[in-house]
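Remarks on the structure that follows.
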Amino acid sequence: NAGVTQTPKFQVLKTGQSMTLQCAQDMNHNSMYWYRQDPGMGLRLIYYSASEGTTDKGEVPNGYNVSRLNKREFSLRLESAAPSQTSVYFCASSDGGLIKNQPQHFGDGTRLSIL
Amino acid sequence: AQSVTQPDIHITVSEGASLELRCNYSYGATPYLFWYVQSPGQGLQLLLKYFSGDTLVQGIKGFEAEFKRSQSSFNLRKPSVHWSDAAEYFCAVGPYSGNTPLVFGKGTRLSVIA
């Protein structure tokens, strides 16, 4: 029972490089989310997808794009990485869509450093 | 707008002592409330949740939380802390309905000393 799988687990980029963070869930969940976690800031929502085919901006979307490839997969792309995007990125999923507010299940995170 | 406040950034307790982590929320209706735990280097794991009914909810790992509407609080408790409970704890709130995601507090880091 894998749950939510994120790849890669670690990555170092140079400023200006692009990268896609991958996320896949095997729980048949409708909703998926991308967060970043920075010291003292808690979790901040970047983008979310309430259901397949839809995406919405969260609290800190600037500098990111997302793709809900299918029901299982939700990717996060940094087109031109900046040092301010150094963070730990978490993907999460939940059943029932946002309206029912089911618990979110989290991946183990991707630790991204931008030099 | 809904918000979650965890007043304590860092708490240190002795192993075997009791624990209470505070969480206050701001929302106009009855919220859905959650507590998550994050061990070092890991993702967040759900400890417990409150949707309705009994205001004292039991979770995993011996944790419980009490919803107090009058105080807009959802404090997490454990009667006897174990060294393995050292982690970061997040409170989160969601609306009863509407198309908005959970809102997380900034977290409380728990240290356990011998």
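Chains as they are written, first to last, in my numbering: chain A, 1 to 115; chain B, 1001 to 1114.
Cβ atoms here follow ideal geometry from the backbone N, Cα and C, with glycine treated the same way.
Is it the case that the region 1004-1011 of chain B contacts the region 1049-1064 of chain B, given that we only count it when at least three CB pairs across the two stretches are under 8 Å?
no
Boundaries of the beta strand (DSSP E) in which LYS1078/B is found, first to last residue
1073-1078
Under 8 Å, do GLN85/A and LEU112/A count as touching if we go by C-beta distance?
yes
Cα-Cα separation between GLY42/A and PHE90/A, rounded to whole angstroms:
12 Å
Tell me the DSSP secondary structure of LYS71/A in three-state form.
coil
Against chain A, does GLN1058/B count as a neighbour if the rule is that its beta carbon must be under 8 Å from one of theirs?
no
What residues from the region 22-46 of chain A come within 9 Å of chain B, judged by C-beta to C-beta, listed N to C?
SER31, TYR33, TYR35, GLN37, GLY40, MET41, GLY42, LEU43, ARG44 and LEU45
Using a Cβ cut-off of 7 Å, pull out every chain B residue sitting near ASP108/A, in sequence order please.
GLN1042 and GLY1043
Once the 5 residues before and after THR1012/B are set aside, which same chain residues still bring their CB inside 7 Å of it?
SER1111 and ILE1113
Spatially closest choice to TYR35/A from LEU115/A, GLN22/A and GLY53/A, by CA coordinates:
GLN22/A
Quick check on the burial criterion: 16 or more other C-beta atoms within 10 angstroms. Buried or exposed for SER1039/B?
exposed
Measure the Cβ-Cβ separation of GLY1043/B and GLY107/A and say whether it is below 8 Å.
yes
Test item: CB-CB of TYR1032/B and VAL1093/B under 8 Å:
yes
Mind listing the chain B neighbours of PHE74/A? Cutoff is C-beta to C-beta under 9 Å, in chain order.
Those within 9 Å of PHE74/A in chain B number zero; the least Cβ separation is about 13 Å.
Does the Cβ-Cβ distance between LEU115/A and THR15/A come in under 8 Å?
yes
Span separating the alpha-carbon of MET27/A from that of GLN6/A:
14 Å
Would you tell me roughly how many angstroms separate the C-alpha atoms of PRO1101/B and GLY1107/B, rounded to the nearest one?
17 Å
Option nearest GLN102/A by Cα separation, candidates ILE1009/B, PHE1034/B, SER1014/B and HIS1010/B:
PHE1034/B
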